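Residue numbers (my numbering): 1 to 609.
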């Protein structure tokens with residue numbers, strides 16, 4: 001067995017008398033590639049070791065479990081660091097990104113050969129593969145490569161029968177499969193060179209035949225040339241040659257725990273960051289950034305908000321460190337980030353956040369903002385998909401920042417058939433307070449869902465313009481009581497004769513007398529805030545004569561006294577001070593209650609201390 005040396009193509013010589021060699025992007029790439037190849041090579045060896053142990057006629061379950069655990073740990077480590085793991089299948093080897101990571105010297109019970117001659121071109125392990133699928137893959141490879149097992153199915157058929165969810169395989173065409181068929185005479189095939197490497201053939205006059213009694217040659221340790229008849233047979237090996245002791249098994253678990261604490265992802269990110277900062281070509285920067293972004297996608301899919309925000313913020317800051325062509329580097333960065341803001345990834349992110357008990361809302365909002373204005377349409381669509389209230393809140397806060405200079409992306413979605421989407425968009429528009437959107441908000445006042453109409457009232461109240469006030473005045477006649485009260489509470493922020501006239505027209509309407517006390521009080525208080533001395537005579541008439549409302553003995557005196565108190569002009573207070581000593585008890589009670597309410601409201605407005 002030969003394991004490829006991932007460092008063989010690297011220049012390991014150092015210039016003499018140089019204490020601090022410059023770290024170049026090319027050198028960092030080589031180091032990163034070497035680390036990846038070393039990890040994948042160790043995984044391939046673990047896979048082969050597990051399959052070979054499963055072939056043994058007598059095997060201990062404890063040994064098999066240890067090997068399966070080791071294979072599972074190495075598989076998860078590869079998937080965390082590299083993403084999906086794709087292994088190309090050769091006649092006698094496995095390769096990763098064009099580099100051989102496992103080689104076998106003989107076709108006898110060879111796992112690569114069993115896959116190769118069955119027509120398998122490559123195997124791909126997707127993120128999320130579990131121990132059950134790995135064990136099933138081991139059984140498939142054992143059956144396909146075990147010459148002693150009576151199995152009529154080839155590797156492709158066995159793989160197809162398993163219906164893997166996260167293990168995929170690609171096959172060659174039928175024409176190429178015919179070229180891969182094994183020769184009836186392995187010796188002649190090897191001699192003719194029709195199948196890959198021309199393995200050396202043993203002959204009667206082999207020069208090595210007479211050297212059995214002599215010492216073994218001191219050549220390369222990976223010399224594959226065996227004397228005829230001396231090719232080792234796996235069945236001759238001791239059954240426990242792959243058995244792990246308790247100490248070895250504990251060491252494997254300890255290494256896994258250490259990697260959890262000192263994640264190799266941190267080291268990879270540091271290397272990537274160094275490469276991106278040192279990169280001088282925007283084209284190569286874009287290529288390397290596209291690779292780095294896979295690590296960020298992993299954090300996003302896992303729902304790691306703080307980690308994802310930190311990585312995205314660091315990535316956003318890289319173009320500013322460039323001495324030249326900052327615009328090109330910024331464009332490349334934006335291009336890569338657009339891949340992160342794709343809808344499918346954001347939906348998975350929202351689903352992961354739903355299962356988390358604690359979410360840092362400022363960090364989540366910052367993450368959405370860092371995606372940039374180009375992501376605003378995707379974030380708007382995500383409002384309709386996110387089921388977690390915290391996620392929707394962060395989305396709204398982020399959109400209020402991203403869309404401050406471009407509200408069209410929000411207005412275009414106000415006709416969404418889902419009421420909750422429209423309500424969230426109205427909330428965002430209200431936070432922005434952008435003049436010029438009053439018409440769109442005014443049309444939302446006629447939405448069939450009362451919750452949308454209430455949010456439209458809040459949004460319009462945040463825009464100080466004559467158009468918004470006109471729309472709010474019209475909402476005072478909304479068919480829903482809660483909307484009318486909300487408008488009355490928010491419509492008047494200063495003296496507004498137009499609003500006062502609208503309020504008075506509602507107060508004088510016949511149906512107003514049948515409304516409950518809370519709504520009547522809200523309208524009179526709003527009337528008091530909006531009114532001026534011109535309205536005082538009307539209120540004085542109600543206070544002293546009564547009879548505005550048929551229901552209740554007070555006859556609207558309490559509401560009129562409250563309105564006079566809120567007008568607060570000398571003329572209004574003169575009437576209240578006069579009537580507080582009125583001979584009629586109902587008038588005195590109405591004035592006293594109004595003045596007491598005004599006093600409490602004034603105390604609440606005073607600053608503490």
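The C-beta atom is built at its ideal place from N, Cα and C for all residues, glycine as well. Source: prediction; values computed, not measured.
**Prompt:** When the Cα atoms are used, what is the spatial distance from residue 513 to residue 574?
**Reply:** 27 Å
**Asked** With which residues is residue 168 paired in a DSSP beta bridge?
**Response** 124
**Prompt:** When the distance is taken between beta carbons, is residue 386 closer than 7 Å to residue 350?
**Reply:** yes
**Message:** Is it the case that the region 442-459 contacts the region 477-497, given that we only count it when at least three CB pairs across the two stretches are under 8 Å?
**Reply:** yes
**Contact set for residue 328: own chain, Cβ-Cβ below 6 Å, skip 5 residues either direction** = 282
**Item:** Cβ pair residue 363, residue 305 closer than 7 Å
**Value:** yes
**Request:** Pick helix, strand or coil for residue 355, following the three-state DSSP scheme.
**Result:** coil
**Item:** Nonlocal neighbours in the same chain, by C-beta distance under 7 Å from residue 109, ignoring five residues either side
**Value:** 145, 146, 147 and 234
**Message:** As a quick exercise: from 500, 286 and 114, pick the residue whose alpha carbon is nearest that of residue 337.
**Reply:** 286
**Asked** Which one of 312, 311 and 330 has the shortest CA to CA distance from residue 320?
**Response** 330
**Message:** For a test of the three-state rule: what should DSSP assign to residue 602, helix, strand or coil?
**Reply:** helix
**Item:** At least 3 beta-carbon pairs within less than 8 Å: the region 130-145 vs the region 47-61
**Value:** yes
**Request:** Could you check what DSSP says for residue 371 in three-state terms: helix, strand or coil?
**Result:** coil
**Asked** What is the DSSP secondary structure of residue 324, reduced to helix, strand or coil?
**Response** coil
**Prompt:** residue 463 by DSSP, collapsed to three states: which one?
**Reply:** coil
**Message:** I'd like to confirm the pairing. Which residues does DSSP put opposite residue 102 in its beta bridges?
**Reply:** 94
**Asked** residue 343: which of 384, 155 and 471 sits nearest, CA to CA?
**Response** 384
**Prompt:** By the 10 Å Cβ neighbour count, where 16 or more other Cβ atoms means buried, how is residue 587 classified, buried or exposed?
**Reply:** buried
**Prompt:** Would DSSP call residue 407 helix, strand or coil?
**Reply:** coil
**Request:** Evaluate residue 201 with the Cβ neighbour count: other Cβ atoms within 10 Å of its Cβ, from every protein chain shown; 16 or more gives buried, anything less gives exposed.
**Result:** At residue 201 the pLDDT is 47, less than 50, meaning the model places this residue with poor confidence; the figure from the coordinates comes in the next sentence. It is exposed - the Cβ of residue 201 has fewer than 16 other Cβ atoms within 10 Å.
**Asked** Since residue 89 sits in a beta bridge, which residues does DSSP pair it with?
**Response** 94
**Asked** Is the beta carbon of residue 299 sitting closer than 7 Å to the one on residue 308?
**Response** yes
**Item:** DSSP state of residue 108 mapped onto helix, strand, coil
**Value:** coil
**Asked** How would you call residue 398, buried or exposed, if buried means at least 16 neighbouring beta carbons within 10 angstroms?
**Response** buried
**Request:** Go through its chain and collect everything with a Cβ distance to residue 484's Cβ below 7 Å, but skip five positions before and after it.
**Result:** 476, 478 and 519
**Message:** I'd like the list of long-range same chain contacts for residue 451, defined as Cβ closer than 7 Å, with 5 residues on each side in sequence excluded.
**Reply:** 419 and 423
**Asked** Grouping DSSP H, G and I as helix and E and B as strand, with all else coil, what is residue 580?
**Response** coil
**Item:** Inter-stretch contact (C-beta, 8 Å, three-pair minimum) for the region 487-506 and the region 463-471
**Value:** yes
**Message:** The alpha helix (DSSP H) that contains residue 617, what's its start and end?
**Reply:** Since the displayed the chain opens at 1 and closes at 609, residue 617 lies outside it and no answer follows.
**Asked** Exposed or buried, residue 57, counting other C-beta atoms within 10 Å across all chains shown (16 or more means buried)?
**Response** exposed
**Request:** Determine the direct distance from the alpha carbon of residue 166 to that of residue 133, and round the result to whole angstroms.
**Result:** 8 Å
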